[in-house]
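Have a look at the structure below before the remarks.
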Amino acid sequence: ASRGFVVLAIEHADGTAGVARLASSSLRWKLPSKPAGSGRWRWFQGLGEREQWGEFTRYRSREVVIAVRLLEQLNQGVLPDGLSITGRGRPEQWLAGRLDMQRLALVGHSYGGATTALAVSEHPGFACGVALDPWWEALPDNSSCLKGSWPCPAPLLVIGSHDWNIPHPVTGVLKCNGERQEALLQAAAGNPGAGAVLMVPRHSTHHSFDDVLLNFGGLIEGLMARMFSDTSSKLSPKRAHQINLTAISHFLHHHMPPAARGHQQQGGKPQQTPRTPGGRPP
Numbered sequence: 002a003s004r005g006f007v008v009l010a011i012e013h014a015d016g017t018a019g020v021a022r023l024a025s026s027s028l029r030w031k032l033p034s035k036p037a038g039s040g041r042w043r044w045f046q047g048l049g050e051r052e053q054w055g056e057f058t059r060y061r062s063r064e065v066v067i068a069v070r071l072l073e074q075l076n077q078g079v080l081p082d083g084l085s086i087t088g089r090g091r092p093e094q095w096l097a098g099r100l101d102m103q104r105l106a107l108v109g110h111s112y113g114g115a116t117t118a119l120a121v122s123e124h125p126g127f128a129c130g131v132a133l134d135p136w137w138e139a140l141p142d143n144s145s146c147l148k149g150s151w152p153c154p155a156p157l158l159v160i161g162s163h164d165w166n167i168p169h170p171v172t173g174v175l176k177c178n179g180e181r182q183e184a185l186l187q188a189a190a191g192n193p194g195a196g197a198v199l200m201v202p203r204h205s206t207h208h209s210f211d212d213v214l215l216n217f218g219g220l221i222e223g224l225m226a227r228m229f230s231d232t233s234s235k236l237s238p239k240r241a242h243q244i245n246l247t248a249i250s251h252f253l254h255h256h257m258p259p260a261a262r263g264h265q266q267q268g269g270k271p272q273q274t275p276r277t278p279g280g281r282p283p
């Protein structure tokens, strides 16, 4: 945000996220395979059965599209009915005309990684996407990216964990679902305006892409090691964070269109090329 970016974090309200705080206690949502929910908080309700996962991801993708429409309205100086924004003054006024909607990127981890791939491949408006150790099992079976098509010209960066991208010693299967991953990468490559790249940091685990171990590792690492088998890693959380930020920054810098006039970085200073810990450009 200090560099002039607006970060919108979506709290998915379908019950597959850890928790979501709804705008109103009277707000209700309904999925065909889940009962209507009510209350101010939507707590994690499980992932359901295998045949339901794609349905949830479609729901999440629609929430992403709604969030983009919200940004478009705020950029027009419009506060949608029923929406309140905290802050000094009227945010819809000081955001009006300041959002460069041509430089829109979507980033997600795990379930969010699958949501990211689905959204940027099927919904126009995204400049690019970043999927962090995506859970490809959650992609709908009929999604375009699994059927050899990538309709939108949005390139995708996939940063997968070492743990999820090495074959099982017995079955030879990848935890991330290697067949789906390969199908998706080929689909993206088939669109000249898109493309995709897969990067796997050595010794990384699924939790090398969240901030839990980075912020609280010393306090809860032992507990998480007992709860999850893939938290122990030779790659420190801090080093993993540096690798991820360097790769993502370089990818966004390369694939974002030039900033529109009037949307340059605050203070008029040019954005610096991201550097590795050794001081060299990636």
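Following this note's numbering, the residues of the sequence shown are numbered contiguously, the last one being 283.
A virtual CB, placed ideally from N, CA and C, is assigned to each residue, including glycine.
- Relative to the Cα of Ala241, the nearest Cα in the group Phe57, Asp101, Leu253, Asp212 belongs to Asp212.
- When the alpha-carbon of Gly191 is set against those of Ser150, Leu214, Ala21, the nearest one is in Ser150.
- Taking a cut-off of 8 Å for Cβ pairs, the stretch 160-174 and the stretch 140-148 do not touch, as fewer than three such pairs fall below it.
- DSSP places Leu175 in the coil class of the three-state scheme, outside both helix and strand.
- Trp42 carries a strand assignment under DSSP once its states are collapsed to helix, strand and coil.
- In the three-state DSSP reduction, Ala184 falls in the helix class (H, G or I).
- By the criterion of at least three beta-carbon pairs nearer than 8 Å, the stretch 125-138 is in contact with the stretch 174-193.
- Assigned with DSSP and collapsed to three states, Gly114 falls in helix.
- Pairing Arg91 with Pro154, the inter-Cα distance amounts to about 35 Å.
- Leaving aside the five residues that flank Leu175 on each side, the residues in its chain whose CB is nearer than 8 Å to its CB run, in chain order, Trp165, Asn166, Ile167, Pro168, His169, Gln182.
- When the beta-carbon positions are compared, Gly161 and Val201 come within less than 7 Å of each other.
- Between Leu133 and Phe210, the gap from beta carbon to beta carbon is short of 7 Å.
- Note on geometry: alpha-carbon atoms of Trp42 and Thr247 lie some 35 Å from one another.
- At a Cβ-Cβ threshold of 7 Å, Arg99 and Ala128 do not count as neighbours.
- Ala10 sits away from Ala21, with the two beta carbons spaced by 7 Å or more.
- Within 10 angstroms of the beta-carbon of Leu84 lie fewer than 16 other beta-carbons, which makes it exposed.
- Note that the C-beta distance between Pro156 and Ala195 is below 7 Å.
- Per the coordinates, the alpha-carbon of Gly109 lies some 27 Å from the alpha-carbon of Val79.
- For the set Asp82, Thr117, Leu96, Gly55, the Cα lying nearest the Cα of Leu72 is the one of Leu96.
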